[in-house]
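S.K.: First the structure, then my questions, so here it is.
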Amino acid sequence: MTEERVERVLAEVHDEFGMIRVLEVADYRFLEFGDAIEQSCVFTADPSWLEYDYTRAMLIGALCHSAPESALFLGLGAGTLTQACLKFLPLEDVEAIELRPDVPRLAIEYLGLDDDPRLYIRIGDALELLDSAECADLIFVDLYTDVGPGVGHLAWGFLENCQKRLNPGGWLVINQWATDDGKPLGAALLRGLYHRHYWELPVKEGNVILIVPSDLEQTLDLPALNARAEALAPRLGYSLQPLIKAIRPAT
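All letters in the sequence shown, in the order written, are residues -19 to 231 by the working numbering.
In structure tokens:
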């Protein structure tokens, strides 16, 4: 007989955007928005463990940089990717912009988000606050609501500015929805905006992670990426190699 899945609600708050809920199921805690739309999954014993392929794929985007010192997260959620980057990359300075004030509070209180001195969290709309953010070696765009991707995921000016906020040699990593044909949402816009000069990593959750360099001269060094991923595998507790094999040029 299989053990019954017992859900425990640890917290529930309402703000101007709707409901935020923290649930616990066995060894995992989940951050949900609205009507059971799961935003983040945290392995309680290790909040830097990346359970989902899309978060692991975003970490691969970060590993495209040989030695990133600064990162900007647009959308924090439970902070699992932020935690993983703080733990496994040589970062000195990390900024996160989160729309909803209760999200970082709940992440710290229930989801194991560390009060790391390198991490600075600002509350507000990423589309409005991007211009006042520090330039960074890595920028992550993960702006999801309970109904799907935020407007930033298809906003030409915003996505263009994200690339412009990169330091030379930097990488922009976007968690983009996939359409039914497996292409990223807004594929035509992205091709025009980034001159087809980016890479895609489709994952089983139905997302495509976009890995965008700071300029057209910059290319993806796959052997170096593989070497960094391999060196990290014992500390991560899982291999990134199967996902790296799925990287493809812009569709």
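Cβ coordinates follow ideal geometry from the N, Cα and C atoms, glycine included.
Reducing DSSP to helix, strand and coil, say where M(-19) ends up.
M.R.: On the sequence shown, position 1 is the one that residue -19 refers to. Confidence is the limiting factor: at M(-19) the pLDDT is only 49, short of 50, which leaves the residue's position unreliable, though a coordinate-based value still follows. Coil at M(-19), not helix or strand.
S.K.: Between Y218 and D117, what straight-line distance do the alpha-carbon atoms span, to the nearest angstrom?
M.R.: The sequence position of residue 218 within the sequence shown is 238, counting from 1. The sequence position of residue 117 within the sequence shown is 137, counting from 1. So the alpha carbons of these two residues sit roughly 25 Å apart.
S.K.: Report, in whole angstroms, the separation of the C-beta atoms of F13 and L61, which I expect to be a contact under 8 Å.
M.R.: The sequence position of residue 13 within the sequence shown is 33, counting from 1. The sequence position of residue 61 within the sequence shown is 81, counting from 1. With a Cβ gap of about 17 Å, F13 and L61 do not count as contacting.
S.K.: Report the three-state DSSP secondary structure of P193 (helix, strand or coil).
M.R.: The residue labelled residue 193 in the question sits at position 213 within the sequence shown. In this structure, P193 counts as strand in the three-state DSSP scheme.
S.K.: What ranges does the alpha helix (DSSP H) occupy inside the stretch 145 to 211, keeping only unbroken runs of at least 4 residues that lie completely in it?
M.R.: Segments of the alpha helix (DSSP H) lying fully in the stretch 145 to 211: 167 to 173.
S.K.: Give me, in chain order, the residues of the same chain whose beta-carbon lies closer than 7 Å to that of A167; leave out the 5 immediate sequence neighbours on both sides.
M.R.: Taking the sequence shown and counting its residues from 1, the one referred to as residue 167 is at position 187. Once the five neighbours on either side are set aside, the close Cβ partners of A167 are T231.
S.K.: Which of the three DSSP states, helix, strand or coil, is assigned to F120?
M.R.: The sequence position of residue 120 within the sequence shown is 140, counting from 1. F120 falls in the strand class under three-state DSSP.
S.K.: Would you list, in sequence order, the uninterrupted alpha helix (DSSP H) runs of no fewer than 4 residues that lie entirely inside the stretch 32 to 76?
M.R.: Qualifying alpha helix (DSSP H) stretches, in chain order: 33 to 43 and 60 to 68.
S.K.: Taking the CB atoms as reference points, tell me whether I88 and D95 lie closer together than 8 Å.
M.R.: Translated into the one-based positions of the sequence shown, residue 88 becomes position 108. Translated into the one-based positions of the sequence shown, residue 95 becomes position 115. Going by C-beta atoms, I88 is nearer than 8 Å to D95.
S.K.: What are the boundary residues of the alpha helix (DSSP H) that I109 is part of?
M.R.: On the sequence shown, position 129 is the one that residue 109 refers to. The identity of residue 109 in the sequence shown is Leu, whereas the question assumes Ile. Where L109 is concerned, the enclosing alpha helix (DSSP H) stretches over A106 to L109.
S.K.: How is V(-14) classed by DSSP in three states: helix, strand or coil?
M.R.: Locating residue -14 in the sequence shown gives position 6, where the first residue counts as 1. V(-14) falls in the coil class under three-state DSSP.
S.K.: Output needed for P229: all residues of its chain with C-beta closer than 7 Å, excluding positions within five of it in sequence on either side, in chain order.
M.R.: Locating residue 229 in the sequence shown gives position 249, counting from the first residue. Closer than 7 Å at Cβ, skipping near neighbours: W179.
S.K.: With distance defined between alpha-carbon atoms, name the residue in L107, L212, V183 and V153 nearest to P193.
M.R.: Position 213 of the sequence shown, counted from the first residue, corresponds to residue 193. Of the listed residues, the one whose Cα sits closest to P193 is V153.
S.K.: So, with DSSP's three-state summary, where would you put T95?
M.R.: Here residue 95 refers to the residue found at position 115 when the sequence shown is read from its first residue. According to the sequence as given, residue 95 is Asp; it is not Thr. Three-state result, D95: coil.
S.K.: DSSP on G128, reduced to helix/strand/coil?
M.R.: Indexing the sequence shown from 1 puts residue 128 at position 148. G128: strand per DSSP, three-state reduction.
S.K.: Give me the DSSP bridge partner(s) of E140.
M.R.: Numbered from its first residue, the sequence shown carries residue 140 at position 160. According to DSSP, E140 bridges with nothing at all.
S.K.: Measuring CA to CA, which of I191, L56, L181 and N155 is closest to Q221?
M.R.: Here residue 221 refers to the residue found at position 241 when the sequence shown is read from its first residue. Per the Cα distances, L181.
S.K.: What are the boundary residues of the beta strand (DSSP E) that L11 is part of?
M.R.: Position 31 of the sequence shown, counting from 1, holds the residue named residue 11. That run of the beta strand (DSSP E) goes Y8 to F13.
S.K.: Does any C-beta atom of chain C lie closer than 8 Å to the C-beta of G172?
M.R.: The structure shown contains no chain C; it holds only a single protein chain.
S.K.: Report buried or exposed for W29, applying the criterion of at least 16 other Cβ atoms within 10 angstroms of its Cβ.
M.R.: By 1-based counting over the sequence shown, the position of residue 29 is 49. It counts as buried.
S.K.: By Cβ distance below 6 Å, which residues in the same chain neighbour L91 in space, the five residues on each side in sequence not counted?
M.R.: For this step, residue 91 is matched to residue 111 along the sequence shown. R9, V22 and A58, listed in sequence order.
S.K.: Who pairs with G(-2) in a beta bridge, going by DSSP?
M.R.: Stepping through the sequence shown from its first residue, residue -2 is reached at position 18. Beta-bridge pairing links G(-2) to D(-5).
S.K.: Which residues share a DSSP beta bridge with G18?
M.R.: As a position in the sequence shown, residue 18 is number 38, starting the count at 1. Sequence inspection shows Glu at residue 18; the Gly mentioned does not correspond to that position. DSSP, once it has assigned bridges, lists E12 as partnering E18.
S.K.: Quick one, which of L11, P203, L(-10) and G132 has its alpha-carbon nearest P84's?
M.R.: The count along the sequence shown starts at 1 and reaches residue 84 at position 104. The candidate whose alpha carbon is nearest that of P84 is L11.
S.K.: Is it right to say W136 is buried, meaning 16 or more other beta carbons lie within 10 angstroms of its own, or is it exposed?
M.R.: To locate residue 136, count along the sequence shown from 1; it is residue 156. Classification of W136: exposed, given that the 10 Å Cβ count is below 16.
S.K.: DSSP three-state label for R85, please.
M.R.: Residue 85 sits at position 105 when you count from the first residue of the sequence shown. Of the three classes helix, strand and coil, the one that applies to R85 here is helix, per DSSP.
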